[in-house]
Amino acid sequence: MNTHLKAPSGQPIEKKQSVRRVTVDAHYAGQRIDNFLLRELGATHGEVPRSLIYRILRTGEVRVNSQRAKPTTRLATGDEVRIPPLKLQSPSQESAGVISANWLARAADMIVYEDEALLAVNKPAGLAVHGGSNIPFGLIELMRQHTGLGEKLELAHRIDRDTSGLLILAKTRATLHSLQTQFRPEGHAEKQYLAIVHGHWPDKLKRVDAPLEKWQGEGESHRVQVNPQGKEAVTHFAVLAANKNATLLRAQLETGRTHQIRVHTAHENHPIVGDEKYGQREWDKRLFPSTGASARRRPPLLLHAYRLMLTHPQTEQPLQLTAPIPDKWRSLAQQLNLTLPEHDPK
1 MNTHLKAPSG QPIEKKQSVR RVTVDAHYAG QRIDNFLLRE LGATHGEVPR
51 SLIYRILRTG EVRVNSQRAK PTTRLATGDE VRIPPLKLQS PSQESAGVIS
101 ANWLARAADM IVYEDEALLA VNKPAGLAVH GGSNIPFGLI ELMRQHTGLG
151 EKLELAHRID RDTSGLLILA KTRATLHSLQ TQFRPEGHAE KQYLAIVHGH
201 WPDKLKRVDA PLEKWQGEGE SHRVQVNPQG KEAVTHFAVL AANKNATLLR
251 AQLETGRTHQ IRVHTAHENH PIVGDEKYGQ REWDKRLFPS TGASARRRPP
301 LLLHAYRLML THPQTEQPLQ LTAPIPDKWR SLAQQLNLTL PEHDPK
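Following the UniProt record's numbering, the numbering of the sequence shown begins with 1 at its first residue and continues without gaps.
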């Protein structure tokens, strides 16, 4: 049964497409149609321009149960959504799919686990999960070319471009379905992150329960904010190392909302170091004073998808995966007088 829209094989939308009709399942009931399209068509990750999503809504090309839909239209279980073909500016034939030799040489070292069902990759910060608007290629295109699996390889979930760490790629449709079910908010997969935040995080602050909502601006980059009327969002925190200037945290997601850890830490007035969207530029500069041209630079986002615990889709046995901490963190942690774990933090 077609439960929700997905681009073929996780790829960006092509130039030539037919109209799609999608049946909404209970998981998306109550969601606004613009949010539904923004996520499902990849606009929140830069794969499709947000302005294009709002254009097809304004022009009436999107229909819900054959009725014209506004951006604020709420979806219900069983609704049929008509999605028109999108007309994108595709990369030129010369540049489309071109991946540099340097990235191809790095691909093998990114793999932390592989079997006949799935591939686990330690994504470096700065590499998008998917190519798209102004992004010639992403992790999925890189791994498709490296493994030779092509479109058989699909993303099971996503992390932000500036976040490093674990991503799972599925080799079969059955594996993809199992993983996507486990990664849903009501699923049982466990995600743990490492983050370095500003200031001394209170030892007693072990749980942040603050509902989140996306702020929508037509054609603008989206933001997430705490709002009592938003969706439930719970993050569990543990202090691994701390001083008055900065804290190394382990964050475990109970729910998996967009930018959840970044917004929850900022909400508690301890934003993640290097967070250009929710952080504090002046705070970052004070932590890493420098002179010359480097004074204008901020540190990278210090958020790392460290560990995943899930059920293997084929064997049904527990599978725990860990991604090594990025090398760049070592010198930064030393400057902050924080000791990074040599092994798995418990």
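In this text, a Cβ means the ideal position worked out from N, Cα and C, and glycines have one as well.
- Item | Beta-carbon separation (whole angstroms), A233 vs Q260, contact threshold 8 Å | 5 Å
- Message: Looking at the strands, I want to know which residues DSSP matches up with G132.
- Response: I135
- Between the stretch 70-85 and the stretch 14-33, do at least 3 Cβ pairs fall closer than 8 Å? yes
- Item | Pair within 9 Å by beta-carbon distance, A120 and L287 | no
- Secondary structure at A233, three-state DSSP: helix, strand or coil? coil
- Item | Residue from L149, H312 and G131 with nearest C-alpha to L179 | H312
- Taking DSSP as the reference, what is the three-state secondary structure of residue 347? Since the first residue of the chain shown is 1 and the last is 346, residue 347 is not available in this structure.
- Complete runs of the beta strand (DSSP E) confined to the stretch 243-287 [at least 3 residues]: 246-253
- Query: From what residue to what residue does the alpha helix (DSSP H) around I33 run?
  - Reply: I33 to E40
- Item | Inter-residue spacing [alpha-carbon to alpha-carbon] between residue 362 and V98 | As shown, the chain starts at 1 and ends at 346. That puts residue 362 outside it, with no answer to give.
- Task: Using the Cα positions of S90 and K231, report the straight-line distance between them to the nearest angstrom.
- Result: Confidence is the limiting factor: at S90 the pLDDT is only 44, short of 50, which leaves the residue's position unreliable and the question unanswerable from this model.
- Query: What is the residue span of the beta strand (DSSP E) that A333 lies within?
  - Reply: No beta strand (DSSP E) holds A333; the alpha helix (DSSP H) holding it covers K328 to Q335.
- Query: By Cβ distance below 6 Å, which residues in the same chain neighbour A241 in space, the five residues on each side in sequence not counted?
  - Reply: L248, L338 and T339
- Neighbourhood of M110 by C-beta distance below 6 Å, restricted to the same chain and skipping five residues each side: V121 and N122
- Kindly indicate if chain D contains any beta-carbon less than 9 Å away from that of T322. In summary, chain D is missing from the structure at hand, where a single protein chain is found.
- Message: Using a 10 Å radius around the Cβ and a threshold of 16 neighbouring Cβ atoms, would you call R191 buried or exposed?
- Response: The displayed chain sequence assigns Lys, not Arg, to residue 191. So K191 counts as buried.
- Inspect the CB distances between the stretch 191-200 and the stretch 167-176 and report whether three or more fall short of 8 Å. no
- Is the stretch 324-338 close to the stretch 202-217, with three or more CB pairs under 8 Å? no
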